[in-house]
Amino acid sequence: MPNPASTAPTTAGSLSNQRPAAARSPVLSDYLLLGSLALALLIVDDPYVPDLQYVPSMRHLPLMLALLSILLASVGDWLRPARARLTSRGWPVVKLAFPLVVLALWILCGSTYAHVSEGIKNTFLNTGTYMMLTLLAARFIVLSDARDRVLVLAARTLAVSAAYMIVRMLAEQLWTGGRYHELEFMVVPVAVYFALSPAFSGSWKRLLVLFFLAGGVVFCKNTGFIVMGITLVYLWWADWRFQLRKPRLLYRVIFGGTVAATLVLCATVMFGQTIARHLILPDGNPGYRVRAYDKAIARFEASPVWGDLFAASSTSRFVAYDIDQGGANGELPTHSDVLDFAANGGLIGLGLLTWAYVRVGRLSLRTVLSVRGTGARRSDAEAAAHMFACMSVAGIAVYAFNPIMLQPDKALLLWMNLGLLLGLGLHRAARQRLNLEPSR
Numbered sequence: 000m001p002n003p004a005s006t007a008p009t010t011a012g013s014l015s016n017q018r019p020a021a022a023r024s025p026v027l028s029d030y031l032l033l034g035s036l037a038l039a040l041l042i043v044d045d046p047y048v049p050d051l052q053y054v055p056s057m058r059h060l061p062l063m064l065a066l067l068s069i070l071l072a073s074v075g076d077w078l079r080p081a082r083a084r085l086t087s088r089g090w091p092v093v094k095l096a097f098p099l100v101v102l103a104l105w106i107l108c109g110s111t112y113a114h115v116s117e118g119i120k121n122t123f124l125n126t127g128t129y130m131m132l133t134l135l136a137a138r139f140i141v142l143s144d145a146r147d148r149v150l151v152l153a154a155r156t157l158a159v160s161a162a163y164m165i166v167r168m169l170a171e172q173l174w175t176g177g178r179y180h181e182l183e184f185m186v187v188p189v190a191v192y193f194a195l196s197p198a199f200s201g202s203w204k205r206l207l208v209l210f211f212l213a214g215g216v217v218f219c220k221n222t223g224f225i226v227m228g229i230t231l232v233y234l235w236w237a238d239w240r241f242q243l244r245k246p247r248l249l250y251r252v253i254f255g256g257t258v259a260a261t262l263v264l265c266a267t268v269m270f271g272q273t274i275a276r277h278l279i280l281p282d283g284n285p286g287y288r289v290r291a292y293d294k295a296i297a298r299f300e301a302s303p304v305w306g307d308l309f310a311a312s313s314t315s316r317f318v319a320y321d322i323d324q325g326g327a328n329g330e331l332p333t334h335s336d337v338l339d340f341a342a343n344g345g346l347i348g349l350g351l352l353t354w355a356y357v358r359v360g361r362l363s364l365r366t367v368l369s370v371r372g373t374g375a376r377r378s379d380a381e382a383a384a385h386m387f388a389c390m391s392v393a394g395i396a397v398y399a400f401n402p403i404m405l406q407p408d409k410a411l412l413l414w415m416n417l418g419l420l421l422g423l424g425l426h427r428a429a430r431q432r433l434n435l436e437p438s439r
């Protein structure tokens, strides 16, 4: 919890005299939030126990840790002197992300009605519950005295997890076939952090960027290539286009060509195994997807404004042919969260989701993700924020073709990224209103 004795009043004068947030050490509440992130990553990495994500006692444990950390941070804020409390900053979080609040509450109400009144077991309760984590994570970052350090530690925790998945997938693609899926948005964009972080330089920086970009190839999934493309475009927008304006342009171009050639080589090697199984690109099971997507589109066309009000089942029985889904008994999700929003929320649901992303994106661009010219330096926390932004964009591409939001561990990772980015943006916006330099 924040230390009430060492916290100065939150005024323009006192803020300028406080130590930089990056110099403060994390406390219990900070470590609990990081622990919830690490536990969610452990569940999806699944290094020891097969199908750890299906163990009932583990499904929502990361969320419980995250809620406990936010509770402790809020209690710590109430223990501050009255003039130093940041409690009032909870309202800007809700105000800026209110489309997401409305959408989450709508989903929770519709899913509760479906479960209680209609007896539907597979509802969208997970979707609405974990969506609210965006606001809680943002509030936590606003309250934390060590927010910059927390963001950096979160980025490096994600990097360790992503590196493990890439190495394991590389080994398994060569011998037994791929293991991980629907996690492309948590692996490839880690390259953004290492490309922009001032803590890494020289050959190590280039090797790490190349390593995580190659993760898009190692997945051997269509979404992996899409996310790799998104990451490359993001890196070009945020950094590479400025690097090419510097001296030694030829050296930069040669390095870029080497990166591209290496990725092509990796793809060739990986697809030496994949071609034998899929003939060419991963097929993505189009036979099932086309039928599932057609059903969702038909539901949207039947009620295009508000859909089924999220009061329907999140799965449907698939009877065209048998699919081995580990005992799902033919009850399968649509495999597209976007189409689920269209079928169950209509244009209103899609509009609220899009509006929420636009509002968070505009704030972040103005306060944290501002494009820097040649010679500009970012802090380590800003590099982490860029990574969270790229992960959030890549997450849209992944959940457009997969049911990410129905799975607790992956939904937590998806929405916590956006929440951490939103929290830092709100903190920087508050400091900018006081005409102060952003904390480093």
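Numbering follows numbering that gives the first Met the number 0, with no gaps: position 106 of the sequence shown is 105. Glycine residues also receive a C-beta, built at the ideal position from the N, C-alpha and C atoms. This structure is a prediction, so every number in the text was calculated from the model and none was measured.
Under the three-state DSSP convention, the category residue i falls into
i: P407; result: helix
i: S333; result: Reading off the sequence shown, one finds Thr at residue 333, where the question assumed Ser. T333 falls in the coil class under three-state DSSP.
i: R290; result: helix
i: S315; result: strand
i: G374; result: At G374, the pLDDT of 47 sits below 50, so the modelled position is not reliable; the number obtained from the coordinates is stated separately. The answer is coil: DSSP assigns G374 none of H, G, I, E or B.
i: H122; result: His is not the amino acid found at residue 122; the sequence shown has Thr there. Residue state, collapsed to three classes: coil.
i: N343; result: helix
i: S430; result: In the sequence under discussion, the amino acid at residue 430 is Arg, which differs from the Ser named in the question. In the structure shown, R430 sits in a helix (DSSP, three-state: H, G or I).
i: G348; result: helix
i: T189; result: Looking at the sequence provided, one finds Val at residue 189 rather than Thr. Residue state, collapsed to three classes: helix.
i: L338; result: helix
i: Y179; result: coil
i: L368; result: coil
i: R361; result: helix
i: P91; result: helix
i: S196; result: coil
i: R23; result: coil
i: G326; result: Residue confidence for G326 is low, a pLDDT of 46 falling below 50, so the modelled location carries little weight; the figure read from the coordinates is stated next. G326: coil per DSSP, three-state reduction.
i: R276; result: Any answer about R276 is weak, because its pLDDT of 47 lies below 50 and its placement is not dependable; what the coordinates show is given next. Of the three classes helix, strand and coil, the one that applies to R276 here is helix, per DSSP.
i: S302; result: coil
i: N401; result: coil
i: A145; result: coil
i: S438; result: Confidence is the limiting factor: at S438 the pLDDT is only 48, short of 50, which leaves the residue's position unreliable and the question unanswerable from this model.
Range covered by the alpha helix (DSSP H) that runs through residue i
i: R138; result: 132–142
i: N221; result: 221–234
i: G306; result: Segment: none, G306 is in no alpha helix (DSSP H) and carries neither H nor E.
i: H114; result: 97–116
i: M386; result: 379–398
i: V54; result: Counting along the chain, V54 falls outside any alpha helix (DSSP H), and DSSP gives it neither H nor E.
i: Y30; result: 27–44
i: L62; result: 60–77
i: S202; result: 201–217
Close Cβ partners of residue i (< 8 Å) along its chain, the five nearest in sequence each way excluded
i: R23; result: D144, A145, R148
i: D336; result: T126, Y398, A399, N401, P402, I403, M404, L405
Own chain residues within Cβ distance below 6 Å of residue i, not counting five before or after
i: A291; result: T333, H334
i: M131; result: A103
i: D339; result: T333
i: A158; result: V189
i: L160; result: The sequence shown places Ser at residue 160, rather than the Leu named in the question. Counting only Cβ-Cβ distances below 6 Å, and skipping sequence neighbours, we find L40, D44.
i: L421; result: A137, V359
i: F299; result: A341, A342
Neighbourhood of residue i by C-beta, 7 Å cutoff - its chain only, sequence neighbours within 5 removed
i: T366; result: G424, R427, A428, Q431
i: V100; result: V93, L134
i: V208; result: A190, F193, A194
i: D29; result: S143, A145, V149
i: R224; result: One detail in the question is off: residue 224 reads as Phe in this sequence, not Arg. Excluding positions up to five away in sequence, the list reads G215.
**Report entry** Segment contact, 8 Å Cβ cut-off, at least three pairs: the stretch 126–146 with the stretch 105–117
**Finding:** In short, these stretches touch, since the Cβ pair count reaches three.
Requested in this report: Report yes or no: do three or more beta-carbon pairs, one from the stretch 33–47 and one from the stretch 60–73, lie closer than 8 Å?
Outcome: yes
Query raised in the report: Is there contact here, the stretch 338–354 with the stretch 299–315, by at least three beta-carbon pairs under 8 Å?
Result: Segments in contact, yes.
Requested in this report: Pair every Cβ in the stretch 385–392 with every Cβ in the stretch 407–424, then say whether three or more of these pairs are closer than 8 Å.
Outcome: They touch, by the three-pair rule.
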